[in-house]
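Chemist: Please find one structure pasted underneath; my questions will follow.
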Amino acid sequence: MMMELGHKSASFSPSDLASTSGFSELTAINAEQLASILLSQSFDCTVLDCRPPGTLPTIRCAHPIFLPTVLLRRLNNGTISPTSISPLLCDADRKVIIVPDSMQTNSLAARIFDTLVRRHYTVALLNEDVKVLADISPELCTESVMKGLNLNILNMRDAIGKKVATKSGVVVELDQESATHDENRHRRPVAMFPVQILPYLYLGNMEIAKNKETLQRYNIRYVINVTSNLPNYFKDDTGYNYLRIAVDDTCSHNLIEHFPTAISFIERAREEKCAVLVHCLAGISRSVTICLAYLMQATHSTLEQAFDFLLKQNGAIAPNFHFMGQLIEFERNLFDSTGNSSSTSSLPPSSTTSANSIESSSTSCSSA
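Just so it is clear: in the sequence shown, position 328 is 328 by full-length UniProt numbering, and no numbers are missing.
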């Protein structure tokens, strides 16, 4: 897909790029203009850094863009939603500044530009190296590669519709959403915790983990605490079973080694007809990673299939770059060991059709 030029331009006091750049008709700003915008905070703008991960220096307020294969495919065919690129793109009135990865028309920056102008965003391109910005205003930049390693995959609602079979052989059709552009998709859905992923599996955050009334309401008797610092709030209550996975949301922690234990713990809850809560602090990275691993293992699904399914249950998930790499490794090991393809996926039925099954099992699980 080629980038369309000549769309809505930004009122950034722009300077035009040379016609040989490949972005000849784009509105552009230089490093000095960007510094003025960021320092004055005269209007809301979102800075998207399309350069490869680890490229230095970084702009402190920029949002690094790293799209996994499933989202790159949708970016290429024009079906990606802006909030799948960055959660801050929930409002088309926000001005966007792109830090390009290259000046080629098929670059990541060009494809993102094309997507945003089609959705009527106001977009400008930084036409100088970030090093120039760092020289002008060093307080706006950092030399740390640890800043903002996030996959910007929040709020995607253009999941692929598909029919899948459960382990019991029942064929269930997941809700299919149109892959066409919907100009009303710019609002961000509010994540209401706990999020029911499966009839017996819930995703949550700290607030849910310490709310006993909520746990009781959803018959949650098993809790996976994916943090190193939050307490197991009801560990002295014999009605609750806890598994702590003490990791932080950084690239130095390994979650993949805990996948088997977490999967077994969830299966134990399912067998006892109980619900299990998987939580971290915010409920968008560590806990999501565990839930994705469980979906892949228990239903023999690819990462893409599990990712799509989870996004249909919750519009706010963002495993960090390191955890996403571990999920890719887990997927490779899973399918290498079985020798089967993704066509054998057996994703469970949508949780929206099974909400009552948890509540009806309260009696059988109350003694756990």
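Using N, Cα and C, we set each Cβ at its ideal position, and we do this for glycine too.
1. Mind listing, in chain order, the continuous beta strand (DSSP E) runs of no fewer than 3 residues lying wholly within the region 121–145?
2. Counting only runs that start and end within the region 245–313, where is the beta strand (DSSP E) found for 3 or more residues in a row?
3. CB L125 to CB L133, shorter than 8 Å?
4. Give me the Cβ distance between I290 and V276, rounded to the nearest whole Å; I'm assuming they're in contact under 8 Å.
5. Counting along the chain, where does the beta strand (DSSP E) carrying V70 start and finish?
6. Look at the alpha carbon of L86 and the alpha carbon of S40, and state the distance between them as a whole number of angstroms.
7. Assign S264 to buried or exposed, taking buried as 16 or more other Cβ atoms, counted over all protein chains shown, within 10 Å of its Cβ.
8. Applying the criterion that 16 or more other CB atoms from any shown protein chain within 10 Å of the CB defines a buried residue, is K235 buried or exposed?
9. Only counting the same chain, and skipping five residues up and downstream in sequence, which positions put a Cβ closer than 6 Å to that of R244?
10. Roughly how many angstroms lie between the CA atoms of T27 and T142, to the nearest whole one?
11. Over the uninterrupted beta strand (DSSP E) stretch that includes D91, give me the two end residues.
12. Relative to the C-alpha of T122, which residue among E128, L89, Q104, R268 is closest?
13. Taking only the alpha-carbon atoms, compute the straight-line gap between M103 and T302 and give it to the nearest angstrom.
14. According to DSSP, simplified to helix, strand and coil, what is P194?
15. Out of S287, D248, Y294, state which residue places its alpha-carbon closest to the alpha-carbon of R268.
16. Go ahead and label E331 buried or exposed: buried means 16 or more other beta carbons lie within 10 angstroms of its beta carbon, across all protein chains shown.
17. Quick check on L56: buried or exposed, where buried means 16 or more other Cβ atoms within 10 Å of its Cβ?
18. Taking buried to mean at least 16 other C-beta atoms within 10 Å of its own C-beta, is R217 buried or exposed?
19. If you measure between the beta carbons of I37 and C50, is that distance less than 8 Å?
20. Which residues in the same chain as V288 place their Cβ atom closer than 6 Å to its Cβ, once the five residues preceding and following it in sequence are excluded?
21. Can you tell me the Cβ-Cβ gap for V47 and A31, rounded? I've got them flagged as a contact below 8 Å.
22. Check the C-beta distance from I256 over to Q326 and give it rounded, since I have them as a contact under 8 Å.
23. Determine, using beta carbons only, whether T58 and I80 come nearer to each other than 8 Å.
24. Could you have a look at R60 and say whether DSSP puts it in helix, strand or coil?
25. From the DSSP secondary-structure annotation, give me the bridge partner or partners of N241.
26. So what does DSSP say about T46, is it helix, strand or coil?
27. Closest to V99 by C-alpha separation, out of G78, D249, C274, I29, would be which residue?
28. Could you check if N127 is buried or exposed, using at least 16 other CB atoms within 10 Å of its CB as the buried criterion?
29. How would you write the range of the beta strand (DSSP E) that L201 sits in, first residue to last?
Modeler: Result, derived from the coordinates:
1. 122–126
2. 275–279
3. Position 125 of the sequence shown, counting from 1, holds the residue named residue 125. Position 133 of the sequence shown, counting from 1, holds the residue named residue 133. In this structure, L133 does not lie closer than 8 Å to L125 by Cβ.
4. Position 290 of the sequence shown, counted from the first residue, corresponds to residue 290. Position 276 of the sequence shown, counted from the first residue, corresponds to residue 276. Actually they are not in contact, since the Cβ atoms of I290 and V276 sit about 10 Å apart, beyond 8 Å.
5. Counting from one through the sequence shown, the residue named residue 70 turns up at place 70. Segment 69–77 is the alpha helix (DSSP H) holding V70; no beta strand (DSSP E) there.
6. Numbered from 1 along the sequence shown, position 86 holds the residue referred to as residue 86. Numbered from 1 along the sequence shown, position 40 holds the residue referred to as residue 40. The question names Leu, but residue 86 is Ser in the sequence shown. Answer to the nearest angstrom: the Cα atoms are 23 Å apart.
7. Here the question's residue 264 lines up with position 264 in the sequence shown. With fewer than 16 other Cβ atoms within 10 Å, it is exposed.
8. Translated into the one-based positions of the sequence shown, residue 235 becomes position 235. Result: exposed.
9. Your numbering for residue 244 matches position 244 in the sequence shown. Here the set comprises N225.
10. In the sequence shown, residue 27 corresponds to position 27, counting from 1. In the sequence shown, residue 142 corresponds to position 142, counting from 1. For T27 and T142, the distance between alpha carbons rounds to 26 Å.
11. The residue you call residue 91 lines up with position 91 of the sequence shown. Element bounds for D91: n/a, residue is neither H nor E.
12. By one-based count along the sequence shown, residue 122 stands at place 122. Closest option to T122, Cα to Cα, is L89.
13. The residue you call residue 103 lines up with position 103 of the sequence shown. The residue you call residue 302 lines up with position 302 of the sequence shown. Whole-angstrom Cα-Cα distance: 34 Å.
14. Residue numbering aside, residue 194 sits at position 194 when the sequence shown is read from its first letter. It is coil, neither helix nor strand.
15. Taking the sequence shown and counting its residues from 1, the one referred to as residue 268 is at position 268. When each option's Cα is compared against that of R268, the closest is Y294.
16. Here residue 331 refers to the residue found at position 331 of the sequence shown. It counts as buried.
17. In the sequence shown, counting from the first residue as 1, residue 56 sits at position 56. Burial call: exposed.
18. Locating residue 217 in the sequence shown gives position 217, where the first residue counts as 1. Under this definition R217 is an exposed residue.
19. In the sequence shown, counting from the first residue as 1, residue 37 sits at position 37. In the sequence shown, counting from the first residue as 1, residue 50 sits at position 50. It is not a contact, given that the beta carbons lie outside the stated cut-off.
20. Against the sequence shown, residue 288 aligns to sequence position 288. Counting only Cβ-Cβ distances below 6 Å, and skipping sequence neighbours, we find I317, P319.
21. Against the sequence shown, residue 47 aligns to sequence position 47. Against the sequence shown, residue 31 aligns to sequence position 31. About 12 Å; that fails the 8 Å criterion.
22. The sequence position of residue 256 within the sequence shown is 256, counting from 1. The sequence position of residue 326 within the sequence shown is 326, counting from 1. The Cβ separation is near 4 Å, so the contact holds.
23. Against the sequence shown, residue 58 aligns to sequence position 58. Against the sequence shown, residue 80 aligns to sequence position 80. In this structure, I80 does not lie closer than 8 Å to T58 by Cβ.
24. Here residue 60 corresponds to residue number 60 of the sequence shown, with the count starting at 1. DSSP places R60 in coil when its eight states are reduced to three.
25. The residue labelled residue 241 in the question sits at position 241 within the sequence shown. Its beta-bridge partners are Y222.
26. Within the sequence shown, residue 46 is the residue found at index 46, counting from 1. Three-state result, T46: strand.
27. Here residue 99 refers to the residue found at position 99 of the sequence shown. Nearest C-alpha to V99: I29.
28. Taking the sequence shown and counting its residues from 1, one reaches residue 127 at position 127. Burial call: buried.
29. Residue numbering aside, residue 201 sits at position 201 when the sequence shown is read from its first letter. Residues 201–204.
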